[in-house]
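Going down the list, the protein sequences come from chains V and X. This note's numbering puts the first residue of the first sequence at 1, with every later residue one more than the last. This note's numbering puts the first residue of the second sequence at 1001, with every later residue one more than the last. Here is the structure we will look at, set down as structure tokens.
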Amino acid sequence: MEMETTISLLDMRLLVPELTLICVGLILMLLDLVVKKKELIAAVGIAGTLVAMYGTYKLYGFYDPQTAFAGMFVVDGYSNFFKLIFYLNIILTICISLKYMTIEKASFGEYYALLMFSTTGMMIMASAADLIVLYLGLELMALSTYILAGFMRTQPRSNEAALKYFFLGAFSSAFLLYGISLTFGLTGTTNLKGIAEALGALSIMDSPIAYLGLIFIIVAFSFKIALVPFHMWAPDVYEGSPTSITAFMSVGPKAAGFAVLGRVLFDAFAGMQVQWSAILVPIAVITMATGSIIALAQTNIKRMLAYSSIAHAGYMLLGIISGTHDGLTSTINYLMIYLFMNIGAFAIVITLRREGFQGEDLEDYMGLSKSHPLASALMLIFMFSLAGIPPTAGFVGKFYVFLEAINAGYVYLAVIAVAFSAVSAFFYLRVVMYMYMKDPVKEISLTTSPSMSIALAVTAMMVLIIGIFPSVLLNLVKLSILG
Amino acid sequence: MEDIIYNQLGYSILSWTVFLPVVGAVLLLFVRNAAAVRWTTLLFTIATFFVAFPILGNFDKTTHKMQFVEKSPWIPSWGINYFIGIDGISVLFIFLTTILSILCVLVSWKSIENKVKEFHIAILTLEAGMLGVFVALDFFLFYLFWEAMLIPMFLLIGVWGGKNRLYAAIKFFLYTLVGSVLMLVGIVVLYFAGGKTLDILALSNMHAQFPFQLQFWLFLAFFAAFAVKVPMFPVHTWLPDAHTEAPTAGSVILAGVLIKMGAYGFLRFSMPMLPDATKFFMVPIMVLSVVAIIYGALVCFAQKDFKRLIAYSSVSHMGYVTLGLFALNTQGVEGGILQMLNHGIITGAMFLMIGIIYERTHTRVIADYGGFAKIVPWYAGLFMILTFASIGLPATNGFIGEFLIMFGAFKAKKILGVFAATGIILGAGYMLWLYQRIFFQEANPDYDAGGHHHVRDLDLREVITLVPLFVFVFWIGFYPNTFLEYMHASVEHLIQGMELTAVAGNENMIAKYIMEIF
């Protein structure tokens, strides 16, 4: 297939947000040499992200999807909505990191630069219309995140997290490359639209090679999203990483993974929808089951939230399984909601951390409502939202994916999903129970900062606003519809 | 649009009623002093009652239509509206809820000492949630209130409850949640079956389009939610724990309003939307109801705990309610609704009285009591009235409700009526025996006038708390028409709507249906 091969400099304008973030990242590294105050570096980081956000907003003025570099890079509502998730993710992460990284004695300027690079990787993934570009974005994101996971370099468990994440990440990259090569071998192109055309022309849609390529690609993304049985890394990495990075990772790379999964499946493998839905159904079921059930046994709250994050990925998958563009939109909607409630919950976990006190055990939450009623009330909101109880945003997210799954005829999947969401309610409730219904056993003092308060206020407000007025988000997420 | 009458009062009376408690709860966040918190809450619960009051005068009793309707788009992309209104079935529950909420604040005046602010915020949000359930005319809105209510109730039991409160709170939450989420799946299926609408009235009008197979599964999905809430045998086991461990206010709300929502759900959703399935399940549910009546009563005989006994008696009494409703005739349904009110009043009052005596004795073990007729004569007298009302003695409200239900049950299935009637005898047995053990026999000298822990009789606040409920005990007992005439048109309409459907409990059809399903 002959394509336009000349690359116009004008194409760069679609990359403005990504370039902005890369530049900001580099500036932050240089700034770190001369500036002592990390607050300033963080502020520059947030300002840079806002500039990039403005760039995305401006690019969005073009209603039709815009492609650059011979169709390898695309800017459309789909990618822009994901970028919005990434921007909010990085801004909220920076807000909750500031004080925390000082306590962990790991407050270096590179931290913020790496967050920028990682986010750029995610953005490239969201915009990738070509498997090679997709791979580039994925590696940029992953490599930066490996380092961030091991950022507390004096702590063995942080080292372990980074190493584990790296090995399994490399493993999954190999899967991805296998899948890409098989697909390329069969279709002769790495362009997503091109693959769809070639597969369509193949006429034997169930060609084993296409099937194999599809499976490899799904497996690779399943690693990134932490779908069972490719989730083994998640609990250890989530527990060992700095908590702020756990919050960052549980939303960003997961959302990026869903972004590419959605685009690849809906664009390149659109003709094999029946097949990939069939592959994803058992994955979704065991993901929900494993996440919900193993979380019941956790006593470390970060580990518990890690399993909860696995379970949530299972619910999100329902939207993709439904195989419709509306279904995919419901997944994106869920991701946006998950961003607020999950970062909110991790923010509370971080406030418990102080010099010489981890504050990660469930027992540390005993009687928290007595000494810190406000923090407990916020945690209560986040926990009920994660459990999917109205009037919180978590319910809206679940309702939407169930709606689309049932619309596509997967009533039994919805029944399984609600059953596991009832199971998972137990461990979220347990946190509430510890905070409100038990007596404190030790003195807990919270570490807060203005930026942390802002992050908590924003996330809690959004959880309630979206919960009570879902239209606020639903009207926006509609713009993200693919194609 | 002929089924609704928009609100003509010039202000949104139902919205004000539902959200005034929320306003109160938000305001409480800024109140520091415990006494101020109590007074503010009392003020808001009373204000809510008076805001709702004009409904009684302006309610048109001659029509089944939804009244005081407010409707505005809420989630347009899903076709979901903020749609509220009331008819003869829901109107009385608004008042039951508002009155009981006031009493709950009063009864907690002294018994709640820690986390006073949080307690009253929970009470107010709970009130808003309950009122919302009764006025919602959109299934999504209904579900929102239905589930949101769980949060304050969970906290009420778990934070201010008795010794075993954690177990009871979690059990309560998970039982109801499992039922509710299955209903959620049913709601979404119904949403697509009804052409992407969750408008309760529209769905009720198009039931003829729903094939039996769909109705069958939807009925089961809704049954999961409503039966747990009622609670029906065999999913009743959360109730005794929740009732026993909850603080007095929590027990009163649970018994008075919360468990009525299950029965209300049958009336508002299962019967009008799924009439064929309702008829199909009529006999099995009546049988379950009779089992609950007799089983609940028998278990009462074995109870050693005062509060737990009343909790099990609720299982038995709610058995009458579902028996009446699923008799599917006017008498049965009206009796069922009336009995829901009666049970709210009687059991609500009983839990208030148990709370009052528990504050003084700090025991709920029946064997610790005895001779209280001599120690607290006023209390004993009032409890006697409740005992009689609970047994269903003529001149009390309990009699009217049970009579109508028995009437309906005999009309529908004689043999089940006979079994249910034995429950009345058992009811008299355990209640009178309870009364005997607590108020007669040898008095515990400790509690007597000269004892260490002299038990005071009722004081003024407590009498004020109790009197409204006793007024209703006799009002309904002597002149039930005041209340029945509110619901009559709506119940008639409900029954008529069900008779119009193809099958009328025809046993031959049932075999065919079973074939259809499998």
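C-beta: ideal position from N, C-alpha, C; glycine also. Nothing here was measured: the structure is a model prediction, and the numbers come from that model.
Compare the C-beta of Ser1090 of chain X against all C-beta atoms of chain C and say whether one is closer than 8 Å.
Protein chains in the displayed structure are V and X, and chain C is not among them.
Only counting runs of 4 or more residues, tell me where the alpha helix (DSSP H) segments fall wholly within the segment 299-366 of chain V, in order along the chain.
301-321 and 325-352, all fully within the segment 299-366 of chain V.
Which residue wins for smallest C-alpha separation from Ile1528 of chain X, given the options X:Gly1417, X:Asn1397, X:Phe1410 and X:Ile1391?
Absent from the model: residue 1528 of chain X. The displayed extent of chain X is 1001 to 1518, so no value can be given.
By the DSSP assignment, the alpha helix (DSSP H) with Lys1229 of chain X in it spans what residues?
By 1-based counting over the second sequence, the position of residue 1229 of chain X is 229. Lys1229 of chain X -> alpha helix (DSSP H) spans Phe1212 to Lys1229.
Note down, in chain order, each residue of its chain lying with its Cβ closer than 8 Å to the Cβ of Ala1504 of chain X, except the 5 sequence neighbours on either side.
Translated into positions along the second sequence, residue 1504 of chain X becomes position 504. Annotation note: pLDDT 45 at Ala1504 of chain X (below 50); position unreliable, no value reported.
Can you name the start and end residues of the alpha helix (DSSP H) that Phe1172 of chain X belongs to?
Taking the first residue of the second sequence as position 1, residue 1172 of chain X is located at position 172. Run containing Phe1172 of chain X: Arg1165 to Ala1193, per the alpha helix (DSSP H) assignment.
At the 8 Å Cβ level, is Gly1158 of chain X part of the contact set with chain V, yes or no?
Taking the second sequence and counting its residues from 1, the one referred to as residue 1158 of chain X is at position 158. Judged by the 8 Å Cβ criterion, Gly1158 of chain X is in contact with chain V.
Excluding the 5 residues flanking Val1105 of chain X on each side, which residues of the same chain have their C-beta closer than 8 Å to its C-beta?
Here the question's residue 1105 of chain X lines up with position 105 in the second sequence. Closer than 8 Å at Cβ, skipping near neighbours: Arg1038, Thr1041, Leu1042, Thr1045, His1120, Ile1123 and Ala1249.
Compute the Euclidean distance between the alpha carbons of Leu134 of chain V and Leu182 of chain V, then round it to the nearest angstrom.
The residue given as residue 134 of chain V occupies position 134 in the first sequence. The residue given as residue 182 of chain V occupies position 182 in the first sequence. Leu134 of chain V and Leu182 of chain V: Cα-Cα distance of roughly 16 Å.
CB contact check: Ile320 of chain V to chain X, cutoff 8 Å
Residue numbering aside, residue 320 of chain V sits at position 320 when the first sequence is read from its first letter. So, not an interface residue.
Could you pull out every residue in the same chain whose Cβ sits closer than 8 Å to the Cβ of Leu1361 of chain X, ignoring the five residues on either side in sequence?
The sequence position of residue 1361 of chain X within the second sequence is 361, counting from 1. Note that residue 1361 of chain X corresponds to Thr in the displayed sequence, not to Leu. If we look at Thr1361 of chain X and ignore the five residues flanking it on each side, its Cβ neighbours are Asp1368, Tyr1369, Tyr1447, His1453 and Val1455.
Status (buried if at least 16 other CB within 10 Å, exposed otherwise) for Ser369 of chain V
Translated into the one-based positions of the first sequence, residue 369 of chain V becomes position 369. So Ser369 of chain V counts as buried.
Does DSSP put Phe1496 of chain X in a helix, a strand or coil?
Here residue 1496 of chain X corresponds to residue number 496 of the second sequence, with the count starting at 1. What sits at residue 1496 of chain X in the sequence shown is Gln, not Phe. DSSP places Gln1496 of chain X in helix when its eight states are reduced to three.
Within this structure, are the beta carbons of Ala1255 of chain X and Thr1330 of chain X separated by less than 8 Å?
In the second sequence, the residue the question calls residue 1255 of chain X occupies position 255. In the second sequence, the residue the question calls residue 1330 of chain X occupies position 330. Cβ distance not < 8 Å, so Ala1255 of chain X and Thr1330 of chain X don't count as in contact.
Exposed or buried, which one is Lys1414 of chain X when buried takes at least 16 other CB atoms within 10 Å?
If you number the second sequence from 1, residue 1414 of chain X lands on position 414. So Lys1414 of chain X counts as exposed.
Suppose the cutoff is 7 Å on Cβ atoms and the five residues either side in sequence are ignored; what does the same chain contact list for Ser79 of chain V look like?
Numbered from its first residue, the first sequence carries residue 79 of chain V at position 79. Around Ser79 of chain V: Ala126 and Ser127.
Say whether chain V places a C-beta atom closer than 8 Å to the C-beta of Val1037 of chain X.
Here residue 1037 of chain X refers to the residue found at position 37 of the second sequence. So, not an interface residue.
Near Thr1387 of chain X, what residues of its chain come up, given a Cβ to Cβ distance below 6 Å and the 5 sequence neighbours on each side ignored?
Within the second sequence, the letter at position 387 stands for residue 1387 of chain X. Cβ neighbours of Thr1387 of chain X beyond the five flanking positions: Met1431 and Tyr1435.
Where do the ends of the alpha helix (DSSP H) carrying Ser471 of chain V lie?
For the purposes of this step, residue 471 of chain V is taken as the residue at position 471 of the first sequence. Judged by DSSP secondary structure, Ser471 of chain V falls within the alpha helix (DSSP H) whose first and last residues are Ser471 to Val477.
Name the two residues that bound the continuous beta strand (DSSP E) containing Pro1073 of chain X.
The sequence position of residue 1073 of chain X within the second sequence is 73, counting from 1. Run containing Pro1073 of chain X: Met1066 to Ile1075, per the beta strand (DSSP E) assignment.
Across the segment 1232-1242 of chain X and the segment 1189-1199 of chain X, are there enough close Cβ pairs to call them in contact, namely three or more that are closer than 8 Å?
no
Any idea which residues DSSP pairs Thr67 of chain V with across the strands?
Working through the first sequence from its first residue, we reach residue 67 of chain V at position 67. Thr67 of chain V pairs with V:Val74.
By a C-beta neighbour count over all protein chains shown, 10 Å radius and 16 as the cutoff for buried, is Ile429 of chain V buried or exposed?
By 1-based counting over the first sequence, the position of residue 429 of chain V is 429. Note that residue 429 of chain V corresponds to Leu in the displayed sequence, not to Ile. Counting Cβ neighbours within 10 Å, Leu429 of chain V comes out buried, since at least 16 surround it.
Among V:Thr459, V:Ile294 and V:Ala306, the one whose alpha carbon lies nearest that of Ala375 of chain V:
Here residue 375 of chain V refers to the residue found at position 375 of the first sequence. Minimum Cα distance to Ala375 of chain V is reached at V:Thr459.
Just the Cα atoms here: how many angstroms apart are Leu1288 of chain X and Gly1319 of chain X?
Taking the first residue of the second sequence as position 1, residue 1288 of chain X is located at position 288. Taking the first residue of the second sequence as position 1, residue 1319 of chain X is located at position 319. Rounded to the nearest angstrom, the two C-alpha atoms are 8 Å apart.
Local Cβ density within 10 Å of Phe167 of chain V, reported as buried at 16 or more and exposed below that
Counting from one through the first sequence, the residue named residue 167 of chain V turns up at place 167. Classification of Phe167 of chain V: exposed, given that the 10 Å Cβ count is below 16.
Neighbour list for Arg1521 of chain X in chain V, Cβ cutoff strictly below 9 Å:
The structure shown does not extend to residue 1521 of chain X, since chain X is modelled only from 1001 to 1518, so the question has no answer here.
Taking the alpha helix (DSSP H) that Phe1266 of chain X falls in, what are its first and last residues?
If you number the second sequence from 1, residue 1266 of chain X lands on position 266. Unbroken run through Phe1266 of chain X: none, as it is neither H nor E.
Just to make sure I have the definition right: I need the residues of chain X whose C-beta is within less than 9 Å of the C-beta of Ala414 of chain V. Which are they?
Locating residue 414 of chain V in the first sequence gives position 414, counting from the first residue. The contacting residues are Leu1184, Val1185, Val1188 and Val1189.
Inter-stretch contact (C-beta, 8 Å, three-pair minimum) for the segment 220-234 of chain V and the segment 243-262 of chain V
yes
Under 7 Å: does the beta carbon of Trp1217 of chain X sit that close to some heavy atom of the ligand FAD?
Absent from the structure shown: the ligand FAD. Ligands present: none.
Within 10 angstroms of the Cβ of Pro1021 of chain X, are there 16 or more other Cβ atoms? Answer buried if so, exposed if not.
Position 21 of the second sequence, counted from the first residue, corresponds to residue 1021 of chain X. Buried is the call here.
Quick one: what's got a C-beta closer than 6 Å to Leu1469 of chain X's C-beta in the same chain, skipping five residues either side?
Position 469 of the second sequence, counting from 1, holds the residue named residue 1469 of chain X. For Leu1469 of chain X, where only same-chain residues beyond five positions count, the Cβ hits under 6 Å are Ile1345 and Ala1349.
Short-range partners of chain V found in the segment 1067-1095 of chain X, where Cβ spacing is below 8 Å:
Trp1074, Ile1075, Pro1076, Ser1077 and Trp1078
Using a Cβ-Cβ cut-off of 8 Å, state whether Ile389 of chain V counts as contacting chain X.
Residue numbering aside, residue 389 of chain V sits at position 389 when the first sequence is read from its first letter. Closer than 8 Å: yes.
CA-to-CA distance, Pro1152 of chain X to Ile1253 of chain X, given in whole angstroms
Here residue 1253 of chain X corresponds to residue number 253 of the second sequence, with the count starting at 1. Here residue 1152 of chain X corresponds to residue number 152 of the second sequence, with the count starting at 1. Going from the Cα of Ile1253 of chain X to the Cα of Pro1152 of chain X covers about 11 Å.
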